[in-house]
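Engineer:
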Amino acid sequence: MSKDKEYRYAKSRGEHEKQFNVHIREMIEMMKHEEVKTNLYVKAIKLSSHAFERMEQHFKISSLATATKVVKDMLKCAVRIGTVLSYDGRINVLYAYRQTAFFLSPDLKTVVTVNKFQKVSYKPLIRKAKEGLDREEILELHFNYLREIEKQEEEQMRLILSIEEKVREDTASCATMLSLVKGGGRKQGIKQLITEMNAHLKAEGRKLFELKVEKRHLCKSIVALY
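Positions in the sequence shown are counted from 1; adding 17 to them yields the numbering used here.
Put into structure tokens, the structure is as follows:
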């Protein structure tokens, strides 16, 4: 993984904080409004230019038509792992086959990228893998973690939506108060309240982002077991 890609999953500070916050807001908006399909129609699949580059890299295929056929044949046998966060903050759907990860768009029409993961890499389970547990046992442990993360994801998203609704209501009330209140001190207090509410929303959004980062690392490790 390049340093740039590693950085996209690191906590952003200083001059990068603003960009990081935009990243989180985009992720939340996508989760609220983007429908994730469940039925994969392999015949309609196409490859993005990036996915084709990865097929060239991993499988030494120089023809787009051949790469597309190989991907379709593999996806017919692939296992759907779940939704994961992409490096640009978007939602992808992950499929795995023969230690190959296929990251698809939410409408399941485009393979966004392809990668190979050949070793168990999720830190809490690396030691277990080295201790000689068989594949099924290691896989079950991975999915136990995955189910827990997905449960936390759902709870965190519900919390964010409830906070968003409260922020909208309170911001509207504060805006009305600002138009009626006289005196700089009182207005400053109301503005500070709005700032605090938005900071709360941002903090919970960061928690969800970090959960999804953890989930992606886990899912990459799962790919190595298929």
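Heads up, the beta-carbon is just placed ideally off N, CA and C, and yes, glycines get one too.
Threonine 100: which of Ala118, Ser66, Val87, Asp90 sits nearest, CA to CA?
Structural biologist: Here residue 100 is taken as the residue at index 83 of the sequence shown, counted from 1. Nearest of Ala118, Ser66, Val87, Asp90 to threonine 100, Cα basis: Ala118.
Engineer: Considering only C-alpha positions, which residue in the set Met44, Leu242, Ile45 is nearest to alanine 146?
Structural biologist: Walking along the sequence shown from the start, residue 146 turns up at place 129. Nearest C-alpha to alanine 146: Leu242.
Engineer: Check arginine 97 in the structure and name its three-state DSSP category.
Structural biologist: Against the sequence shown, residue 97 aligns to sequence position 80. Arginine 97: strand per DSSP, three-state reduction.
Engineer: Given a cut-off of 8 Å, decide if phenylalanine 226 and cysteine 91 are closer than it, judged by their beta-carbon atoms.
Structural biologist: Taking the first residue of the sequence shown as position 1, residue 91 is located at position 74. Taking the first residue of the sequence shown as position 1, residue 226 is located at position 209. Per the sequence shown, residue 91 should be read as methionine rather than cysteine. Cβ distance not < 8 Å, so methionine 91 and phenylalanine 226 don't count as in contact.
Engineer: By a C-beta neighbour count over all protein chains shown, 10 Å radius and 16 as the cutoff for buried, is asparagine 56 buried or exposed?
Structural biologist: Counting from one through the sequence shown, the residue named residue 56 turns up at place 39. Burial call: exposed.
Engineer: Identify whether asparagine 273 lies in helix, strand or coil by the three-state DSSP scheme.
Structural biologist: There is no way to answer for residue 273, as the model of the chain reaches only from 18 to 243.
Engineer: Look at the Cβ atom of asparagine 161, then the Cβ atom of valine 184, and state whether they are nearer than 8 Å.
Structural biologist: In the sequence shown, counting from the first residue as 1, residue 161 sits at position 144. In the sequence shown, counting from the first residue as 1, residue 184 sits at position 167. Taking 8 Å as the Cβ cut-off, asparagine 161 and valine 184 do not qualify as a contacting pair.
Engineer: Going straight from the alpha carbon of leucine 156 to that of glutamine 135, what length do you get?
Structural biologist: As a position in the sequence shown, residue 156 is number 139, starting the count at 1. As a position in the sequence shown, residue 135 is number 118, starting the count at 1. Those two C-alpha atoms are separated by around 14 Å.
Engineer: Between tyrosine 114 and valine 96, is the Cβ-Cβ spacing less than 8 Å?
Structural biologist: Taking the first residue of the sequence shown as 1, we reach residue 114 at position 97. Taking the first residue of the sequence shown as 1, we reach residue 96 at position 79. Contact flag set, yes.
Engineer: Could you give the distance in angstroms between the alpha-carbon of lysine 60 and the alpha-carbon of glutamate 213?
Structural biologist: Position 43 of the sequence shown holds residue 60. Position 196 of the sequence shown holds residue 213. Cα-Cα distance, rounded: 50 Å.
Engineer: Do you know whose CA, among Tyr58, Ile177, His159, lies nearest lysine 237's CA?
Structural biologist: The residue given as residue 237 occupies position 220 in the sequence shown. For the residues Tyr58, Ile177, His159, the minimum Cα distance to lysine 237 belongs to His159.
Engineer: Measuring only the C-alpha atoms, how far is phenylalanine 76 from serine 65?
Structural biologist: Taking the first residue of the sequence shown as 1, we reach residue 76 at position 59. Taking the first residue of the sequence shown as 1, we reach residue 65 at position 48. So the alpha carbons of these two residues sit roughly 16 Å apart.
Engineer: According to DSSP, is glycine 53 part of a helix, a strand, or is it coil?
Structural biologist: Mapped onto the sequence shown, residue 53 falls at position 36. As written in the sequence, residue 53 is valine, which differs from the glycine given in the question. If DSSP states are grouped into helix, strand and coil, valine 53 belongs with coil.
Engineer: Within 10 angstroms of its Cβ, does alanine 82 collect 16 or more other Cβ (buried), or is it exposed?
Structural biologist: By 1-based counting over the sequence shown, the position of residue 82 is 65. Looking at its Cβ environment, which holds fewer than 16 other Cβ atoms inside 10 Å, alanine 82 is exposed.
Engineer: Could you please give the first and the last residue of the uninterrupted alpha helix (DSSP H) stretch that includes leucine 142?
Structural biologist: As a position in the sequence shown, residue 142 is number 125, starting the count at 1. Here the alpha helix (DSSP H) through leucine 142 covers 140-147.
Engineer: Does arginine 25 come out as helix, strand or coil in the three-state DSSP assignment?
Structural biologist: On the sequence shown, position 8 is the one that residue 25 refers to. Residue confidence is low: arginine 25 scores 46 on pLDDT, short of 50, so the model does not pin down where it sits. No coordinate-derived value is stated.
Engineer: If you drop the 5 nearest sequence neighbours on each side, which residues of the same chain put their C-beta closer than 8 Å to that of valine 53?
Structural biologist: The count along the sequence shown starts at 1 and reaches residue 53 at position 36. So the list reads Thr100, Ile108, Val110, Pro123, once near-sequence residues are dropped.
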